[in-house]
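When you number the sequence shown by the working numbering, it's gap-free, plus one each residue, and the end is 304.
Beneath this line is the structure, given in structure tokens, with notes to follow.
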Amino acid sequence: MIHGGSQDVFRRPVPRLGNMAYETSENSVLEEVGQAAPSRHRLRWNKAPEVTVSFWVIKVLCTTVGETAAGLLNEKAGLGLTGVSLLMSALLTVVLVVQFRTKGYRPGVYWPAVALISVVGTLVSDNLTDNMGVALETTTTVFAIALVIVFALWYGTERTLSIHHIDTTRREVFYWLAVLFTFALGTSAGDLVAAEINLGYWVSAVLFAAAIAAIALAWFSLDLNAGWSFWIAYILTRPLGASVGDYLSQPTGDGGLGLGTVITSGLFLAVILGLVVYLSVTRKDIAAPEQAGAPVA
């Protein structure tokens, strides 16, 4: 899911030249960091990473951490589900402020924001279902509608849903709202499927992985719209990661491996940290100039 046509969100990695920006003129071009630009043009910086294998690996790892860390904090922090939700929401707000003030995509800021939004999305869904007694069918429907509204407003105002053009504050707001609702929707939909079908953690993980593979196949073979392929797969990684996290952390008597939330969360956070450091050094997830990306219709 990382190669295709020029309008695809999933694109083939090519040699990177550093953090890229492009001019706002009609015949815009990308330029390297530090390269002088004509004074009549204002450079814009893409704030999202290139979609590569590492993108999907870290995304799934973040969704797993979102599931296990949310459970761990709820058990150990002693603040209750609502208190933990408020605390993590405040922390997420701080990180997002830093993200919005950063020029261009920075792995060390972007991925902590994704990890935190995974935790917050899980906590929001759990608060609604566990504390307020809202049915999973209702939360799934509400989050799906909210996500559709975000996409409609995004496309209606920007005429693109491309993650390769997250280059204005308004587009970045739409982007992070979409990310938040995909996590919340993925949590509710995943819990709903688990409650209704009761397949067990491992089988559920295989089921969601197969669904992602089907989306990739449809995009590759049937020319399914690249933008929608990306966002559908993005949603499905949430229940996939949650199923993997539950399988690793839950007791053996409940169908898990019994590693616990502490070990599982720590292990996945360590891998995420290693990958983020690697990407910060190599810049392998930053688009090359010729792949600035056309708007996704």
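We treat Cβ as the ideally placed atom computed from N, Cα and C, and that holds for glycine.
Query: C-alpha distance - residue 284 paired with residue 114, whole-angstrom precision; Result: 8 Å
Query: Exposed unless 16 or more other CB atoms sit within 10 angstroms - verdict on residue 156; Result: exposed
Query: Own chain residues within Cβ distance below 8 Å of residue 279, not counting five before or after; Result: 65, 68, 69, 72, 118, 122
Query: Rounded separation between residue 229 and residue 149 - CA only; Result: 30 Å
Query: The stretch 100-113 / the stretch 52-61 touching (three or more Cβ pairs under 8 Å); Result: yes
Query: Residue range of the alpha helix (DSSP H) that includes residue 97; Result: 87-108
Query: Inter-stretch contact at 8 Å, needing at least 3 Cβ pairs: the stretch 166-174 / the stretch 211-222; Result: no
Query: Residue 198 versus residue 286 - alpha carbon distance; Result: 32 Å
Query: Rounded straight-line distance, which links the Cα of residue 258 to that of residue 186; Result: 31 Å
Query: Length of the line joining the Cα atoms of residue 82 and residue 91; Result: 10 Å
Query: Segment limits, alpha helix (DSSP H) that includes residue 67; Result: 60-83
Query: Span of the alpha helix (DSSP H) around residue 117; Result: 114-133
Query: Cβ-based burial, residue 251 [other Cβ within 10 Å; buried from 16]; Result: buried
Query: Distance CB(residue 175)-CB(residue 245) smaller than 8 Å; Result: no
Query: Cβ pair residue 147, residue 77 closer than 8 Å; Result: no
Query: Cα-Cα separation between residue 143 and residue 202, rounded to whole angstroms; Result: 9 Å
Query: Unbroken alpha helix (DSSP H) run spanning residue 177, endpoints; Result: 176-204
Query: Rounded straight-line distance, which links the Cα of residue 262 to that of residue 207; Result: 7 Å
Query: CA nearest to the CA of residue 182, picked from 234, 223, 273, 222; Result: 234
Query: Opening and closing residue of the alpha helix (DSSP H) in which residue 222 lies; Result: 208-228
Query: Cβ-Cβ distance between residue 192 and residue 242 below 8 Å; Result: yes
Query: Residue 127 versus 100, 180, 224, 225, residue with shortest Cα-Cα distance; Result: 100
Query: Burial state of residue 75, where buried means 16 or more other Cβ atoms lie within 10 Å; Result: buried
Query: Delimiting residues of the alpha helix (DSSP H) encompassing residue 247; Result: 233-256
Query: Member of 62, 80, 63, 61 whose CA lies at the smallest distance from the CA of residue 273; Result: 80
Query: When 138, 253, 177 are compared against residue 87, the one with the closest alpha-carbon; Result: 138
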